[in-house]
DNA sequence: CCTACCGATCGGTAGG
DNA sequence: CCTACCGATCGGTAGG
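Chains as they are written, first to last, in this note's numbering: chain A, 841 to 1056; chain B, 841 to 1056.
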């Protein structure tokens, strides 16, 4: 607040050789990543429509026209947040399924991983997807849906296996939606300062869904 | 679209005696209610910040300055939507608990009632509360929280009783949050044209949470 | 509830 | 990435 954006920038790069870093260079990429994290945090806090370019610029230590050096439009920032969140979430989720654990263990690990993806500090990307979907232009929805479908498919397979094993019963699609819904909703009420840790919430969810079955 | 707001209004009230209905009269109240339903629908569809006064005016068949005859500010419209939704939701929910059913039956009925409150046609009020909370001014949050606490308390008691009866086990607060979260999330994916009816979703949720217990 | 309007803000751009 | 700026839109108001 006291320091001007100019000074902030100068303190980060002592002697900024203005023409040295070409668009797309490493410095630009770092700056873009930092900008995107700011976007994710603000979009989550205030919503896409409630966040102005000036909010973003100020939080990133830039002047108001500068974000458009990195993104063509504000909408492009939203799409980038969602895509990056999904790519990272897919990476972590696929790492769990690749372990080829028994259905029950895999399910528990998926819950814990997803909870981390939507609640851990700095993980604002997927929450933006979950809460600001309506702000995405129809034309931009397709590619995001493609990633999202892959995410859902991993969960659906996990639930299908539990149903096949007799651990869960009922319509497998509804089960997936209800289970994921319960976990997703925690992004709304979870507070790092609250009474329950992510481990505790994760265990409570697993117990609720898998209860009355022998623990292996 | 083809008809002007003027004509729409004229067709609704053939000979509008402009000074006949005093502010607060029955006609005004009906108009205000209709306006609020429009607000709820648009806020849900496009978000509070994504909805303009002109969107609301057009959908209500008014001119752009007219909504302010009924509400002092746009923020007041948001608060009114949330409060009306909670009052109606509390009414329906208290009607269920007043039946003094056994814990399991009461729980099933609560799920079905809540699902209706957030998914049935025209029930856009509570979804606005669930999805646009961040747009509520801090000063306005208190009175809404008071109503919301009463809603949560009804559910907490229902869950507490299930825990006391041994039907559920674990931290009762976490159980309430997880169960309500699963149901709340359905407002995001439920489609009237989709494969599952509200009855089916309700039954699937009840089966998931109460499974492995004798049905009475 | 309409008419006519305003000050503020917003996303975005040209040029360096 | 900054500077200087613009056209459009937005919430809201005065007066009837």
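Beta carbons are placed, not taken as given, at the ideal position from N, Cα and C, and that holds for glycine.
Item: Just the chain B side, please: which residues come within less than 7 Å of residue 1014 of chain A by C-beta, in chain order?; Value: 1036, 1041, 1044
Item: Using a Cβ-Cβ distance under 9 Å, would residue 971 of chain B count as near chain A?; Value: yes
Item: So what does DSSP say about residue 964 of chain B, is it helix, strand or coil?; Value: coil
Item: Name the chain B residues whose beta carbon is nearer than 8 Å to that of residue 1025 of chain A?; Value: 1017, 1018, 1020, 1021, 1022, 1024, 1025
Item: Please name the residue in A:1000, A:915, A:874, A:994 whose C-alpha comes closest to that of residue 954 of chain A.; Value: A:994
Item: Classify residue 891 of chain A as helix, strand or coil using the three-state DSSP reduction.; Value: coil
Item: Note the first and the last residue of the continuous alpha helix (DSSP H) segment covering residue 914 of chain A.; Value: 914-937
Item: Roughly how many angstroms separate the alpha carbons of residue 996 of chain A and residue 909 of chain B, rounded to a whole number?; Value: 50 Å
Item: Is the distance from the Cβ of residue 931 of chain A to the Cβ of residue 937 of chain A below 9 Å?; Value: no
Item: Would the stretch 960-971 of chain A count as touching the stretch 878-889 of chain A if we require 3 or more Cβ pairs under 8 Å?; Value: yes
Item: Please state whether the Cβ-Cβ distance between residue 961 of chain A and residue 1032 of chain A is less than 9 Å.; Value: yes
Item: For residue 1011 of chain A, return the contacting residues in chain B, with the cut-off set at a CB-CB distance below 8 Å.; Value: 1036, 1040, 1044
Item: For the structure I just gave you, are there three or more beta carbon pairs, one from the stretch 890-900 of chain B and one from the stretch 869-878 of chain B, closer than 8 Å?; Value: yes
Item: Using a Cβ-Cβ cut-off of less than 9 Å, list which residues of the stretch 961-988 of chain B approach chain A; keep chain order.; Value: 970, 971, 972, 973, 974, 975
Item: Compare the C-beta of residue 1051 of chain A with all C-beta atoms of chain B and state if any pair is closer than 9 Å.; Value: yes
Item: Taking contact to mean 3 or more Cβ pairs, one atom from each stretch, closer than 8 Å, check whether the stretch 973-991 of chain A and the stretch 913-921 of chain A are in contact.; Value: yes
Item: Are the stretch 1010-1030 of chain B and the stretch 1036-1044 of chain A touching by the rule of at least three beta carbon pairs closer than 8 Å?; Value: yes
Item: Going by Cα to Cα distance, which pick from B:1008, B:865, B:912 is closest to residue 1049 of chain A?; Value: B:1008
Item: Please check if any C-beta of chain B sits within less than 9 Å of the C-beta of residue 1048 of chain A.; Value: yes
Item: Just tell me which of B:940, B:975, B:896 has its CA closest to the CA of residue 889 of chain A.; Value: B:975
Item: Whose CA, out of A:1023, A:999, A:1030, lies closest to the CA of residue 944 of chain A?; Value: A:999
Item: With 9 Å set as the bound, which would you pick, yes or no: does the beta-carbon of residue 1006 of chain A sit closer than that to a beta-carbon of chain B?; Value: no
Item: Take the Cβ of residue 927 of chain A as the centre, count every other Cβ of all protein chains shown within 10 Å, and call the residue buried at 16 or more, exposed below.; Value: exposed
Item: Taking 9 Å as the CB-CB limit, is residue 956 of chain A close to chain B?; Value: no
Item: In angstroms with no decimal places, state the Cα-to-Cα distance between residue 865 of chain B and residue 1001 of chain B.; Value: 45 Å
Item: Please name the residue, chosen from B:924, B:907, B:915, that lies closest to residue 977 of chain B on a Cα-to-Cα basis.; Value: B:915
Item: Please list the partners that residue 1029 of chain A has in chain B, where partner means a Cβ-to-Cβ separation under 9 Å.; Value: 1017, 1021
Item: Output, in chain order, the set of chain A residues within a Cβ distance shorter than 9 Å of residue 887 of chain B.; Value: 887, 888, 889, 890, 972, 974, 975
Item: In this structure, does DSSP put residue 901 of chain B in helix, strand or coil?; Value: coil
Item: Any idea what DSSP makes of residue 950 of chain B, helix, strand or coil?; Value: helix
Item: For the alpha helix (DSSP H) holding residue 972 of chain B, just list the boundary residues, first then last.; Value: From DSSP, residue 972 of chain B is part of no alpha helix (DSSP H); its letter is neither H nor E.
Item: Should residue 1029 of chain B be labelled buried (16 or more other beta-carbon atoms within 10 Å of its own) or exposed?; Value: exposed
Item: Out of B:1006, B:923, B:1042, B:1004, which has the shortest C-alpha to C-alpha gap to residue 990 of chain B?; Value: B:923
Item: For the putative contact between residue 1046 of chain B and residue 951 of chain B, defined by C-beta atoms under 8 Å, what is the C-beta separation to the nearest angstrom?; Value: 6 Å
Item: Of all the options B:870, B:869, B:879, which has the alpha carbon lying nearest to the alpha carbon of residue 972 of chain B?; Value: B:879
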